[in-house]
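K.L.:
Have a look at this one.
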Amino acid sequence: MTFSLAGRTALVTGARRGIGAAIAAGYATAGADLVLLARDTAVDETLDAIKQNGGGAATVVTADFADPEAVEAVATELAAERRIDILVNNAGTIRRAPAASTTATDWQHVIDVNLNSTWAVTRPIGAAMAERGAGKIVTIASLLSFQGGITVPAYTASKHAVAGLTKALANEWGPAGVQVNAIAPGYISTDNTTALRADPDREASIRERIPAGRWGRPEDLVGAAVFLASAAADYVNGHVLAVDGGWLAR
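Reading the sequence shown from the start, the letters are residues 50 to 299 in the working numbering.
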């Protein structure tokens, strides 16, 4: 029962598909009610998965993650109106280009979606958790929270910052009963890695380095996400958990 999320409400950002959708469905299996914060209302597949996994109530709220001020307004309203027990910061984007060719527009877009909107959601939701004396925050980081990557300078900068923010908030809100952690996915088959998987040489070189011998699936992250949101992780705080098939071990 320490892994049960029954009686809790989880807010998951970027839940239309991929990792966010998988975590939302996994939380439904664990008994949580869901609030899905997405760019638009096209989340029918996620809602179907929640229903199929025995989930309770599911609400959809929209915000453009490229507009942190709009995201903060929605999050502030949610924090005032509902008790959010678990926050999953999953919304993210990537733009690939050499550093010398990265435009200011592309840089700002990635930073706004991956970092500034994460902060815009976390500040009001986390403050409400700290005031109540309980809560779980799980942010989706990246292997590029540890490494530099290739031709993704804005993404790498944002994910390093997400890891640092996780630790800073764990220090501040931990004494108030809020655990703040992150998951660093390995190479997962999602929209963000489509270009890599479409390049035969790059795909093979990545897969050959992964001790598990395959690319990850969004569902591979669900166990870690449930663990970090549950009572089983009450003494885990400020940690960035790699779920990477062993990539970092190489």
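From the three backbone atoms N, C-alpha and C, an ideal C-beta is built for every residue, glycine too. From a predicted model like this one, the values you see are computed outputs, not experimental measurements.
Buried or exposed for Ala91, going by 16 or more other Cβ atoms inside 10 Å?
P.N.:
Taking the first residue of the sequence shown as 1, we reach residue 91 at position 42. Under this definition Ala91 is an exposed residue.
K.L.:
For the alpha helix (DSSP H) containing Asn220, list its first residue and its last residue.
P.N.:
Here residue 220 refers to the residue found at position 171 when the sequence shown is read from its first residue. 202-222 is the span of the alpha helix (DSSP H), which, as asked, contains Asn220.
K.L.:
Please determine, among Gln196, Thr239, Pro224, the residue with the shortest C-alpha to C-alpha distance to Trp296.
P.N.:
To locate residue 296, count along the sequence shown from 1; it is residue 247. The candidate whose alpha carbon is nearest that of Trp296 is Gln196.
K.L.:
Go to Gly184, then tell me how far its alpha helix (DSSP H) extends in each direction, as first and last residue.
P.N.:
Along the sequence shown, read from residue 1 onward, the residue named residue 184 stands at position 135. Run containing Gly184: none in the alpha helix (DSSP H); it sits in the beta strand (DSSP E), 184-189.
K.L.:
Rounded to whole angstroms, what's the CA-CA distance from Ala247 to Leu193? Just pull it up for me.
P.N.:
Here residue 247 is taken as the residue at index 198 of the sequence shown, counted from 1. Here residue 193 is taken as the residue at index 144 of the sequence shown, counted from 1. Going by the C-alpha atoms only, they are around 20 Å apart.
K.L.:
Identify, in the order they occur along the chain, each residue of the same chain with its Cβ nearer than 7 Å to the Cβ of Thr205, setting aside the five sequence neighbours on each side.
P.N.:
As a working note, residue 205 is residue 156 in the sequence shown. Within the same chain, Thr205 has close Cβ partners Leu193, Gly197, Gly198.
K.L.:
Mapping the DSSP letters down to three states, classify Gln228 as helix, strand or coil.
P.N.:
In the sequence shown, the residue the question calls residue 228 occupies position 179. Residue state, collapsed to three classes: strand.
K.L.:
Mapping DSSP to helix, strand and coil, what is Leu54?
P.N.:
In the sequence shown, residue 54 corresponds to position 5, counting from 1. The answer is coil: DSSP assigns Leu54 none of H, G, I, E or B.
K.L.:
If you measure between the beta carbons of Asn230 and Asn286, is that distance less than 8 Å?
P.N.:
Start at 1 with the first residue of the sequence shown, and residue 230 comes out as number 181. Start at 1 with the first residue of the sequence shown, and residue 286 comes out as number 237. Going by C-beta atoms, Asn230 is nearer than 8 Å to Asn286.
K.L.:
Who are the Cβ neighbours of Ile255 in its own chain at under 6 Å, not counting the five residues just before and after it?
P.N.:
In the sequence shown, counting from the first residue as 1, residue 255 sits at position 206. If we look at Ile255 and ignore the five residues flanking it on each side, its Cβ neighbours are Tyr236.
K.L.:
Does DSSP put Thr111 in a helix, in a strand, or in coil?
P.N.:
As a position in the sequence shown, residue 111 is number 62, starting the count at 1. Thr111: strand per DSSP, three-state reduction.
K.L.:
Tell me which residue opens and which closes the alpha helix (DSSP H) that Asp97 is part of.
P.N.:
Taking the first residue of the sequence shown as position 1, residue 97 is located at position 48. Where Asp97 is concerned, the enclosing alpha helix (DSSP H) stretches over 93-101.
K.L.:
Spatial neighbours of Glu252 within its chain, please: C-beta separation below 7 Å, excluding the five flanking residues on both sides.
P.N.:
Within the sequence shown, the letter at position 203 stands for residue 252. Hits under 7 Å: Leu245, Arg246.
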